[in-house]
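Participant:
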Amino acid sequence: MKNKSNYLVISITLLFIAVVSCKKDAATTTTTATTATPVLNTPTIGTGVPAVFKKIYNATSIYVEGNYVVIKVTSLPDHKSPYYKGTQWASTQYEAYNGTNTLWNQNPNTIAESDVTFKIPLNPAVATTHASTPLGPMGVAINGVPIFNQYAAGGSPLTNEVNSFDQYNGHPQQQGMYHYHAEPYYLTTNKGKDALVGFLLDGFPVYGPLENGKTITNSDLDVYHGHFGVTADYPAGIYHYHTTTADPYINGNGFYGTAGTVSQ
Ligand SMILES: [Zn+2]
Ligand SMILES: [Zn+2]
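If you read the sequence shown in our numbering, its first letter stands for residue 7, the second for the next number, and so on.
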């Protein structure tokens, strides 16, 4: 009788240990699954989205809403960056600075997921008054990274900020939103110096610095930093912006067209 009850106690104890161990494993697995946000998302694409917008390859969704194309992004760059240091993506996305700027100076921010919704005109049109571009996102690159204008906080030039641009020419702001103020090197390296790199909020496309074998400079462009012409994506011709190596880099004195909206 004594022996039997001892066996029972041992059996119950073993069963208890087994249950606790399983629970612990299950809890660990669940936590990992909920915090892992991918840096690259293949977008779900709604009906009626023009082919050129399908070149945006990193977004959560792209769809048409009335006269607008809606683009939702996480702002996480699909390329590596020194600014991924210490983040949940560090093991695969961190890369020490290996660019050519001898004045490189990493800013204190690190990359964080920053959900942004761009609503841009389906049929871009020239505006009668050209609105200034906002601080914060003024456009989106084809890899889902927001495009900012040529100014730092308070409307001052980017003189010091440029030294915190990583080897792919971007950096995160205080809340961790990664962005480009100038040519996205990862895209012009992979897609070509003359490739479509993104769209501004007015719906007009942004191209890299090369066109028909010639490097575009600020003097080739109007005050908004663009011009009209045929591009690979628009054989009938369209107004478009170009990135240039000199300030103002992507946009000049405001939007050429009527801008849509951006929300965070
Ligand atoms: Zn910035
Ligand atoms: Zn051009």
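Glycine is no exception: its CB is placed at the ideal position from the N, C-alpha and C atoms.
1) Could you tell me the alpha carbon to alpha carbon distance between Thr251 and Gln173, rounded to whole angstroms?
2) Could you tell me which residues DSSP puts in a beta bridge with Glu189?
3) Ends of the alpha helix (DSSP H) at Ser97?
4) In this structure, does DSSP put Pro143 in helix, strand or coil?
5) What three-state label does DSSP hand Tyr255 in the structure shown?
6) Classify Tyr184 as helix, strand or coil using the three-state DSSP reduction.
7) Three or more C-beta pairs under 8 Å: does that hold for the region 166-181 against the region 73-91?
8) Could you pull out every residue in the same chain whose Cβ sits closer than 7 Å to the Cβ of Lys29, ignoring the five residues on either side in sequence?
9) Is it the case that the CB of Ala147 approaches a heavy atom of ligand 1 more closely than 8 Å?
10) Please determine whether the Cβ atom of Phe261 lies at a distance below 8 Å from any heavy atom of ligand 1.
11) His246: beta carbon under 8 Å from a heavy atom of ligand 2?
12) Closest by CA to Gln99, which one among Pro56, Trp110, Thr116 and Thr194?
13) Quick one: residues in its chain with C-beta nearer than 8 Å to the C-beta of Val58, no 5 flanking neighbours on either side, listed in chain order?
14) In this structure, what does DSSP give as the bridge partners for Gly232?
Facilitator: Let's see:
1) Residue numbering aside, residue 251 sits at position 245 when the sequence shown is read from its first letter. Residue numbering aside, residue 173 sits at position 167 when the sequence shown is read from its first letter. Their backbone Cα atoms lie some 14 Å apart in a straight line.
2) As a working mapping, residue 189 is identified with position 183 in the sequence shown. Its beta-bridge partners do not exist; DSSP assigns none.
3) By one-based count along the sequence shown, residue 97 stands at place 91. Going by DSSP, Ser97 is part of the alpha helix (DSSP H) stretching over Ala96 to Gln99.
4) Walking along the sequence shown from the start, residue 143 turns up at place 137. Note: Pro143 maps to coil in three-state DSSP.
5) Along the sequence shown, read from residue 1 onward, the residue named residue 255 stands at position 249. Tyr255 falls in the coil class under three-state DSSP.
6) Here residue 184 corresponds to residue number 178 of the sequence shown, with the count starting at 1. Tyr184: strand per DSSP, three-state reduction.
7) Verdict: yes, contact present.
8) Taking the first residue of the sequence shown as position 1, residue 29 is located at position 23. With a pLDDT of only 43 at Lys29, under 50, the local geometry of the prediction cannot be trusted, and the value read off the model is given with reservation. So no residue of the chain qualifies.
9) Walking along the sequence shown from the start, residue 147 turns up at place 141. For Ala147, the shortest separation between its Cβ and any heavy atom of ligand 1 does not lie below 8 Å.
10) Within the sequence shown, residue 261 is the residue found at index 255, counting from 1. If you check the C-beta of Phe261 against ligand 1, you find no heavy atom less than 8 Å away.
11) One-based indexing of the sequence shown puts residue 246 at position 240. Yes.
12) In the sequence shown, the residue the question calls residue 99 occupies position 93. Cα-wise, what sits closest to Gln99 is Thr116.
13) Against the sequence shown, residue 58 aligns to sequence position 52. For Val58, where only same-chain residues beyond five positions count, the Cβ hits under 8 Å are Leu202, Pro211, Asp239 and Tyr240.
14) Your numbering for residue 232 matches position 226 in the sequence shown. Its beta-bridge partners are Tyr247.
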